[in-house]
Ligand SMILES: Cc1cc2nc3c(=O)[nH]c(=O)nc-3n(C[C@H](O)[C@H](O)[C@H](O)COP(=O)(O)OP(=O)(O)OC[C@H]3O[C@@H](n4cnc5c(N)ncnc54)[C@H](O)[C@@H]3O)c2cc1C
């Protein structure tokens, strides 16, 4: 089925993204996996190539185009190239962090941060999760106590994507610990602020070139000018951005499943068993046919969500539906495809093996599948 949401501009952009990944990422990705993070230059090179900050107004150095289809293409091409870690570094910056800086900043904050975000010189992260609170965001324990023109921040965060590389960390804090949701505020904590330390770059089963880190804050004095929105609005702001975050993860999920099918089609055409290509067995045909049918249908729903997001009408529950179904599909399709590779599918030199490990997180981060079901159930009136 022909996708209908992409126009000529998008396909031209896709070609340049594909070329960027082939030139700047694929040859280096194994080394970045060994190092446990991507180099900071990935961001500046991506910025120079127009892969970052497409929505940022031109006056601040961005692309000036408010169209999430361009964001989708970056995530899709990273999945197709088998470089999910590098892809996540960029999509987190573009799809997940940027909306905070575009939609909840004053003019002064925009002047201060947007040019660096657009060029890739300022790398962003969002820090909600803590050792003691993930799904239950209102249960965070990091505090920010007002002291004159500053907040004094104490606490710790964990599992923070881009955590080692980040210059600007959108940090969920409690400005009123006596409240749950109404006590949450968002502060931008900057790289060199005294008392802000990086902990471990955590070892993971997949996404190995992605820095997922612990952060700690000890009496960090954060100027009040670094508050996003108003005090106590943090939960509302986070919730308003989560639909886009979840759609971004769903888009990547469908693209990763599609890539797995394509690698498998190549493999089963070449590999022989019992004197015949593996692709000639009825089981192989049925497995790939079923995977393809499911991915084709999922793509349509995700594309519709992109259209809704562009129109400003994407419902939180629809983004949850997309994430729930597409991330499960991603894991299922990659697992079934890996099976068709036999033992080679377990070897990390094959992209299918890395995709298998990279995929596992997708049903957990950005809100777990169980949390997605709670949102959908609420939408059903339950
Ligand atoms: C690689 C990676 C990158 C990440 N990046 C970031 C990041 O950049 N920023 C950030 O802030 N966080 C990030 N996270 C954290 C991620 O969002 C959380 O791990 C996730 O939200 C789940 O929280 P938790 O780990 O505390 O699990 P818990 O909340 O402790 O959940 C444990 C289990 O209980 C289930 N559960 C919880 N509540 C309910 C309920 N009410 N009903 C039914 N089941 C429930 C969950 O679904 C899960 O199965 C990242 C995590 C990883 C692993």
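Numbering (our numbering), first residue to last: 2 to 383.
Positions of the beta carbon are idealized from the N, C-alpha and C atoms, including for glycine.
Distance from the C-beta of residue 92 to the nearest heavy atom of ligand 1 is not below 7 Å. By the criterion of at least three beta-carbon pairs nearer than 8 Å, the region 50-62 is in contact with the region 109-120. Scanning its chain for C-beta atoms nearer than 8 Å, with the 5 sequence neighbours on each side dropped, one finds around residue 44 the residues 53, 90, 91, 94, 121, 122, 124 and 166, in chain order. Distance from the C-beta of residue 55 to the nearest heavy atom of ligand 1 is not below 7 Å. Here the region 205-224 makes contact with the region 140-154; the two share three or more CB pairs at distances below 8 Å. The Cβ atoms of residue 106 and residue 229 lie closer than 8 Å to each other. Taking the Cα of residue 141 as reference, the smallest distance to any Cα among 183, 56 and 23 is reached at 183. Taking the Cα positions, residue 347 is about 32 Å away from residue 4. Secondary structure at residue 197: strand, using DSSP grouped into helix, strand and coil. In the three-state reduction of the DSSP assignment, residue 126 falls in the strand class, which pools E and B. Here residue 330 is not near residue 377, since their CB atoms are 8 Å or more apart. Pairing residue 117 with residue 87, the inter-Cα distance amounts to about 19 Å. Contact annotation: residue 101 and residue 13 have beta-carbon atoms that are not nearer than 8 Å. If you check the C-beta of residue 78 against ligand 1, you find no heavy atom less than 7 Å away.
According to the DSSP secondary-structure assignment, residue 156 is paired through a beta bridge with 218. In terms of Cβ geometry, residue 164 and residue 246 do not form a close pair [threshold 8 Å]. Considering only 204, 185, 177 and 172, the residue with the shortest C-alpha distance to residue 192 is 172. In the structure shown, residue 315 adopts coil according to DSSP, grouped into three states. Sequence-distant partners of residue 131 (beyond 5 residues in either direction) whose C-beta falls short of 8 Å from its own C-beta, in its chain, are 141, 142, 143, 156, 157, 158 and 159.
Residue 372 is classed as buried because its beta carbon has at least 16 other beta carbons within 10 Å across all chains shown.
For residue 210, the distance from the CB to the nearest heavy atom of ligand 1 is not below 7 Å. Here the region 230-237 makes no contact with the region 256-273; the two share fewer than three CB pairs at distances below 8 Å.
Rounded to whole angstroms, residue 180 and residue 209 show a C-alpha spacing of 37 Å. Approximately 6 Å separates the beta-carbon atoms of residue 80 and residue 253; this is inside 8 Å, confirming the contact. By the 16-neighbour rule on beta-carbons within 10 angstroms, residue 104 is exposed. By the beta-carbon neighbour count (other beta carbons within 10 angstroms, threshold 16), residue 69 is buried.
In the structure shown, residue 187 adopts extended strand secondary structure according to DSSP, grouped into three states. Between residue 262 and residue 292, the gap from beta carbon to beta carbon is short of 8 Å. Not one heavy atom of ligand 1 is found less than 7 Å from the C-beta of residue 101.
Distances taken from the Cβ of residue 375 to the heavy atoms of ligand 1 include one shorter than 7 Å.
If you draw a straight line from the Cα of residue 206 to the Cα of residue 359, it is about 8 Å long.
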